[in-house]
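Student:
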Amino acid sequence: MKTVEEIKAAIEAGIPGAGVEILSNPSPSAQHSLRLDPSHAVQVATFLRDQLQFDFLSNVTGVDWPDKEISEKVKVTRSVTKTVDGKEQTVEETVDEARKRVEPGCLEAVYHLFSVALKDGPLVMRMRTGNRTDQVELPSLTPIWRAAEFQEREVFDLFGIVFRGHPDLRRLLMWEGFKDHPMRKDYVDPDDYEYEPTPHDEVLKRAEAHKAASQPATTAVKEL
Amino acid sequence: MVEENLKIELGKQGVFVTTIEELYNWGRRSSVWPMQFGLACCAIEMIATTMARYDLARFGAEVFRPSPRQADLMIISGTVTKKMAPQVVRLYNQMAEPKYVIAMGACAISGGPFKQGYNVLKGIDRYIPVDVHIPGCPPRPEALLQAFLTLQKKIDGQHLTGEGRPRHLDAEAQGEFPVPHQGEHDLEPTSNKGVWTVPVVIR
């Protein structure tokens, strides 16, 4: 069983400048993953299949990383004019300042590889898109592992990642003409909460919001 | 109408008395042929119901027709996804009268465990009239037999004239229902008018 570090070293020896990066998993499973640079992904994948004998792609899935707002405290040193001992002086002062920054989100495709020949695996590979709106293209790995075809279609359908080079990129679970990507965190499902016999938690909130929204219409009818 | 006791007495004398209505309903209920299609795991229970152990054939429903044109009963056995719903309604429209519907299992009657999902219809009774609902996930074959017997009782109780007569004897009755259109975010409309109204929850 090869470690991720060994695989990374092998890739870098085989493809100079491949841009492979290890994302460590701190949990007890210690299942570290390789993050591929999308521009070299097809090359790296071909190398993994032909040289390292990863001949079986078992799983393709997606992850949505929404824009994250991070608030942090930063120590800032600035000069302040103060009156000390009756004299005006400029003093350096260090203050905690709360700052907010937005870490841009992205979409991620995750591939699980096994080697049947070497009884090795799984190797987890990830690729990230530039952002969640207009740079959502990733190279398709279907030409390398045919098993990716339907699963990449599913990821395209539910997350909206466009796989460049896919032979038949259509929606898989939802219908043609459907506009949303339901597995994204910011997906809003249609407001059909008119009948919820046992609402609870999130459903209760939605049912009450639906009721409130449909209430004025009924009173208007009564007034007429 | 002939009294029940008189009928038995006459029967003892070798005289068979009946009404057209009884004969007609007996014929209708004794050969309800279901349509052969399954949507999800409930279909496995439906198949089990037709096999030797539970033997749906005892009630005259052994012939599963692979065409809607030859079927009388649609057993909605399983989850109806929003992608599949238009096809289910279209199949129902293609069935000839008299036609009946059994909604089998939690998903078919309400969406079941997938009720809040983005892709599952919250009950097929939003688009087509359902005669018998069976709860369960999946329902036992006995439950499907019970539903079938309930449907037979319902057929038996129908009068051939007047209010509430079977749809195929009522020229005014609606036999075809609009097929929902797959829109940009959801099915349009979300339910057929006159078929489904929001149930009142009594607590």
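Taken in sequence, the protein lines are chains A and B.
All residue numbers for the first sequence refer to the numbering used here, where the first residue is 512 and numbers rise by one.
All residue numbers for the second sequence refer to the numbering used here, where the first residue is 1231 and numbers rise by one.
For every residue, glycine included, the Cβ atom is placed at its ideal position computed from N, Cα and C.
1) Please compile the residues from chain A whose C-beta is within a distance smaller than 9 Å of the C-beta of residue 1349(B).
2) How many angstroms separate the CA atom of residue 612(A) from the CA atom of residue 695(A)?
3) CA-CA distance, residue 1419(B) and residue 664(A)?
4) Whose C-alpha, out of 680(A), 535(A), 534(A) and 519(A), is nearest the C-alpha of residue 528(A)?
5) So, at 6 Å on beta carbons, what are the nonlocal neighbours of residue 629(A) in its own chain, with the 5 sequence-adjacent residues on each side left out?
6) Any beta carbon of chain A sitting closer than 8 Å to that of residue 1355(B)?
7) Sorted by chain position, which residues of the same chain lie with C-beta nearer than 8 Å to residue 581(A)'s C-beta, five sequence neighbours on each side aside?
8) Nearest chain B C-beta to residue 588(A) closer than 8 Å, yes or no?
9) State the start and end residues of the unbroken beta strand (DSSP E) segment that holds residue 1286(B).
10) Under the DSSP definition of a beta bridge, which residues are partnered with residue 1364(B)?
11) Can you check whether the C-beta of residue 575(A) is within less than 8 Å of a C-beta belonging to chain B?
12) Give me the Cβ distance between residue 544(A) and residue 635(A), rounded to the nearest whole Å; I'm assuming they're in contact under 8 Å.
13) Please classify residue 539(A) as buried or exposed, where buried requires at least 16 other C-beta atoms within 10 Å of its C-beta.
14) Going along the region 1408-1420 of chain B in order, which residues come within less than 7 Å of chain A, judged by CB to CB distance?
15) For residue 679(A) and residue 690(A), I'd like the C-alpha separation in whole angstroms.
16) Mapping the DSSP letters down to three states, classify residue 566(A) as helix, strand or coil.
17) Using a Cβ-Cβ cutoff of 7 Å, what residues of the region 706-719 of chain A are near chain B? List them in chain order.
18) Residue 1346(B) touches chain A at which residues, Cβ-Cβ below 7 Å?
19) Does DSSP classify residue 735(A) as helix, strand or coil?
20) Let me make sure I understand the geometry here. Which of 645(A), 648(A), 682(A) and 647(A) has the alpha-carbon closest to that of residue 661(A)?
21) Using the beta-carbon count (16 or more within 10 Å), is residue 712(A) buried or exposed?
22) Can you tell me whether DSSP reads residue 522(A) as helix, strand or coil?
23) Check this for me: beta carbons of residue 1311(B) and residue 1247(B), under 8 Å apart or not?
24) Helix, strand or coil for residue 1386(B)? Go by DSSP, reduced to three states.
Tutor: Well, looking at it:
1) For the purposes of this step, residue 1349(B) is taken as residue 119 along the second sequence, with counting starting at 1. What residue 1349(B) touches in chain A: 684, 685 and 693.
2) Position 101 of the first sequence holds residue 612(A). Position 184 of the first sequence holds residue 695(A). Answer to the nearest angstrom: the Cα atoms are 22 Å apart.
3) Within the second sequence, numbered from 1, the residue matching residue 1419(B) stands at position 189. Within the first sequence, numbered from 1, the residue matching residue 664(A) stands at position 153. Approximately 28 Å, taken between the alpha carbons.
4) The sequence position of residue 528(A) within the first sequence is 17, counting from 1. Of the listed residues, the one whose Cα sits closest to residue 528(A) is 519(A).
5) To locate residue 629(A), count along the first sequence from 1; it is residue 118. Contacts found: 564.
6) For the purposes of this step, residue 1355(B) is taken as residue 125 along the second sequence, with counting starting at 1. Output row for residue 1355(B): interface = no.
7) Counting from one through the first sequence, the residue named residue 581(A) turns up at place 70. Taken in chain order, the residues that qualify are 611, 612, 613 and 614.
8) Taking the first residue of the first sequence as 1, we reach residue 588(A) at position 77. No, residue 588(A) does not count as interfacial toward chain B.
9) Your numbering for residue 1286(B) matches position 56 in the second sequence. Element bounds for residue 1286(B): n/a, residue is neither H nor E.
10) As a position in the second sequence, residue 1364(B) is number 134, starting the count at 1. According to DSSP, which records beta bridges pairwise, residue 1364(B) is partnered with 1334(B).
11) As a working note, residue 575(A) is residue 64 in the first sequence. Taking Cβ atoms only, chain B never reaches closer than 8 Å to residue 575(A), which makes this a no.
12) Taking the first sequence and counting its residues from 1, one reaches residue 544(A) at position 33. Taking the first sequence and counting its residues from 1, one reaches residue 635(A) at position 124. Going by Cβ atoms, the distance from residue 544(A) to residue 635(A) rounds to 4 Å, so yes, they are a contact pair.
13) Numbered from its first residue, the first sequence carries residue 539(A) at position 28. Exposed, by the Cβ-count rule.
14) 1412, 1414, 1415, 1416 and 1420
15) Walking along the first sequence from the start, residue 679(A) turns up at place 168. Walking along the first sequence from the start, residue 690(A) turns up at place 179. Cα to Cα, the separation comes out at about 18 Å.
16) Along the first sequence, one-based indexing puts residue 566(A) at 55. Coil, per DSSP.
17) 706, 708 and 714
18) Looking up residue 1346(B) in the second sequence gives position 116. Identification of chain A residues near residue 1346(B) by a Cβ-Cβ cut-off of 7 Å yields 714, ordered along the chain.
19) Here the question's residue 735(A) lines up with position 224 in the first sequence. With a pLDDT of only 44 at residue 735(A), under 50, the local geometry of the prediction cannot be trusted, and the value read off the model is given with reservation. In this structure, residue 735(A) counts as coil in the three-state DSSP scheme.
20) Mapped onto the first sequence, residue 661(A) falls at position 150. That would be 682(A), whose Cα lies nearest to the Cα of residue 661(A).
21) For the purposes of this step, residue 712(A) is taken as the residue at position 201 of the first sequence. Within a 10 Å sphere around the beta-carbon of residue 712(A) sit fewer than 16 other beta-carbons, which makes this residue exposed.
22) Mapped onto the first sequence, residue 522(A) falls at position 11. If DSSP states are grouped into helix, strand and coil, residue 522(A) belongs with the helices.
23) By one-based count along the second sequence, residue 1311(B) stands at place 81. By one-based count along the second sequence, residue 1247(B) stands at place 17. For residue 1311(B) and residue 1247(B), no; Cβs fall outside 8 Å.
24) Working through the second sequence from its first residue, we reach residue 1386(B) at position 156. Helix at residue 1386(B).
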